[in-house]
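J.: Residue numbers (full-length UniProt numbering): 1 to 235. Backbone N, C-alpha and C define an ideal beta-carbon position, used for all residues, glycine too. If you're wondering where the values come from, they're calculated on a predicted model, not measured in any experiment. Attaching a single structure in structure tokens format; questions to follow.
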């Protein structure tokens with residue numbers, strides 16, 4: 001309730017979310033044992049322990065969204081889109097997107113965690129991660145790459161993936177590799193970046209796996225503009 005009050009969510013909305021989606025305090029048990037990290041605005045992110053199942057990861061992602069009761073995206077006056085309101089319909093949209101991108105959880109979560117990569121739930125109802133080996137580093141380009149429901153930061157496995165995810169959240173801005181070859185904070189607001197990446201997750205869900213790969217090859221600028229050119233740091 002504290003997060004809902006901070007985000008200005010009416011009590012009746014909280015009740016409606018719980019009623020329509022069967023949310024109870026027991027549902028948040030999936031977050032127990034996960035390291036909690038807060039951004040400068042007080043929003044909570046949770047790091048998945050090694051060995052977390054795809055199903056637990058999926059549930060943790062949804063419960064993180066519900067716990068935060070908002071993404072903070074609308075707090076920035078320069079965003080590319082209006083902020084989506086926190087309500088039961090938005091929770092359903094995220095559930096539907098998770099269903100469409102289910103391979104992110106069943107296949108990619110164990111793939112990343114099993115190679116000593118790191119994954120963290122976000123207030124946007126998706127995962128943010130860094131790969132654990134050279135092969136997984138190849139799945140992230142430029143300022144990072146979304147694969148289904150997972151946004152992979154482009155930092156590289158040799159810089160302690162879990163530590164870099166925590167640094168990203170605590171700074172509240174994007175993070176990448178500086179001119180000296182070391183990780184450094186960027187200038188892009190993390191709320192905007194995560195909204196951009198969640199828009200890509202929607203594209204994966206809408207286009208399907210092969211359809212999104214084809215769009216990335218044939219119309220990369222188009223899918224970036226559709227996800228928010230400024231939110232992605234392209235302006």
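(1) At what residues does the beta strand (DSSP E) containing residue 188 begin and finish?
(2) Using the Cα positions of residue 215 and residue 120, report the straight-line distance between them to the nearest angstrom.
(3) Among the candidates 195, 20, 142 and 93, whose CA atom is the shortest distance from the CA of residue 78?
(4) Can you give the beta carbon distance from residue 148 to residue 108, rounded, assuming they're within the 8 Å contact cut?
(5) Do the stretch 10 to 19 and the stretch 146 to 161 meet, that is, are 3 or more Cβ pairs less than 8 Å apart?
(6) For a test of the three-state rule: what should DSSP assign to residue 155, helix, strand or coil?
(7) Relative to the alpha-carbon of residue 134, which residue among 56, 24 and 161 has its alpha-carbon at the smallest distance?
(8) Over what stretch of residues does the beta strand (DSSP E) that includes residue 145 continue unbroken?
(9) Less than 8 Å separating the beta-carbons of residue 43 and residue 123?
(10) Quick check: the Cα distance between residue 70 and residue 179, rounded to an integer number of angstroms?
(11) Inspect the CB distances between the stretch 47 to 55 and the stretch 194 to 208 and report whether three or more fall short of 8 Å.
(12) In three-state DSSP terms, what is residue 28?
(13) DSSP on residue 104, reduced to helix/strand/coil?
(14) Apply the 10 Å Cβ neighbour rule to residue 92 and answer buried if 16 or more other Cβ atoms are within range, or exposed otherwise.
(15) Using the rule of at least 16 other Cβ atoms within 10 Å of the residue's Cβ for burial, across every protein chain shown, is residue 232 buried or exposed?
(16) Determine the DSSP secondary structure at residue 111, reduced to helix, strand or coil.
(17) On a CA-only basis, which of 191, 213 and 167 is nearest residue 83? Give me that one, please.
(18) Using the rule of at least 16 other Cβ atoms within 10 Å of the residue's Cβ for burial, across every protein chain shown, is residue 76 buried or exposed?
(19) With C-beta atoms as the reference, is residue 154 less than 8 Å away from residue 176?
(20) Short check: CB of residue 140 to CB of residue 132, under 8 Å?
(21) Is the separation between the beta-carbon of residue 169 and that of residue 127 shorter than 8 Å?
(22) DSSP state of residue 118, grouped into three classes?
(23) In the DSSP output, what is residue 36 paired with across the bridge?
(24) Report, in whole angstroms, the separation of the C-beta atoms of residue 98 and residue 36, which I expect to be a contact under 8 Å.
(25) Classify residue 30: buried if its beta carbon has 16 or more other beta carbons within 10 angstroms, exposed otherwise.
T.: Straight from the coordinates:
(1) Locating residue 188 in the chain shown gives position 188, where the first residue counts as 1. Note, residue 188: beta strand (DSSP E), 183 to 189.
(2) Against the chain shown, residue 215 aligns to sequence position 215. Against the chain shown, residue 120 aligns to sequence position 120. Straight-line measurement puts the Cα of residue 120 at about 27 Å from the Cα of residue 215.
(3) For the purposes of this step, residue 78 is taken as residue 78 along the chain shown, with counting starting at 1. Closest option to residue 78, Cα to Cα, is 195.
(4) Within the chain shown, the letter at position 148 stands for residue 148. Within the chain shown, the letter at position 108 stands for residue 108. Between residue 108 and residue 148 the Cβ distance is about 7 Å, and since that is below 8 Å, they are a contact.
(5) With a cut-off of 8 Å, the stretch 146 to 161 and the stretch 10 to 19 do not count as touching, because too few Cβ pairs lie within range.
(6) Along the chain shown, one-based indexing puts residue 155 at 155. Here residue 155 sits in coil by DSSP.
(7) The residue you call residue 134 lines up with position 134 of the chain shown. Of the listed residues, the one whose Cα sits closest to residue 134 is 161.
(8) Within the chain shown, residue 145 is the residue found at index 145, counting from 1. According to the DSSP assignment, residue 145 belongs to the beta strand (DSSP E) that extends over 145 to 147.
(9) Position 43 of the chain shown, counted from the start, is the residue given in the question as residue 43. Position 123 of the chain shown, counted from the start, is the residue given in the question as residue 123. Remark: C-beta atoms of residue 43 and residue 123 approach each other more closely than 8 Å.
(10) Sequence index remark: in the chain shown, residue 70 carries index 70 (1-based). Sequence index remark: in the chain shown, residue 179 carries index 179 (1-based). Cα-Cα distance, rounded: 35 Å.
(11) No, the stretch 47 to 55 is not in contact with the stretch 194 to 208.
(12) Sequence index remark: in the chain shown, residue 28 carries index 28 (1-based). Look at residue 28 here: in three-state DSSP terms it is helix.
(13) Along the chain shown, read from residue 1 onward, the residue named residue 104 stands at position 104. In the structure shown, residue 104 sits in a helix (DSSP, three-state: H, G or I).
(14) In the chain shown, residue 92 corresponds to position 92, counting from 1. Its Cβ having fewer than 16 others within 10 Å, residue 92 is exposed.
(15) As a working note, residue 232 is residue 232 in the chain shown. Under this definition residue 232 is a buried residue.
(16) As a working mapping, residue 111 is identified with position 111 in the chain shown. For residue 111, the secondary structure class from DSSP, reduced to helix, strand or coil, is helix.
(17) Locating residue 83 in the chain shown gives position 83, where the first residue counts as 1. Selected option, being the one with the closest Cα: 191.
(18) Numbered from 1 along the chain shown, position 76 holds the residue referred to as residue 76. With fewer than 16 neighbouring CB atoms inside 10 Å of its own CB, residue 76 falls in the exposed class.
(19) One-based indexing of the chain shown puts residue 154 at position 154. One-based indexing of the chain shown puts residue 176 at position 176. For residue 154 and residue 176, yes; Cβs fall inside 8 Å.
(20) Reading the chain shown from its first residue, position 140 is the one you call residue 140. Reading the chain shown from its first residue, position 132 is the one you call residue 132. It is not a contact, given that the beta carbons lie outside the stated cut-off.
(21) For this step, residue 169 is matched to residue 169 along the chain shown. For this step, residue 127 is matched to residue 127 along the chain shown. In this structure, residue 127 does not lie closer than 8 Å to residue 169 by Cβ.
(22) The residue you call residue 118 lines up with position 118 of the chain shown. In this structure, residue 118 counts as strand in the three-state DSSP scheme.
(23) The residue labelled residue 36 in the question sits at position 36 within the chain shown. Its beta-bridge partners are 46.
(24) Here residue 98 refers to the residue found at position 98 of the chain shown. Here residue 36 refers to the residue found at position 36 of the chain shown. A Cβ-Cβ distance of about 21 Å is found for the pair residue 98 and residue 36, leaving them out of contact under the 8 Å criterion.
(25) As a first step, residue 30 is located in the chain shown; it is residue number 30 there, counting from the start. Result: buried.
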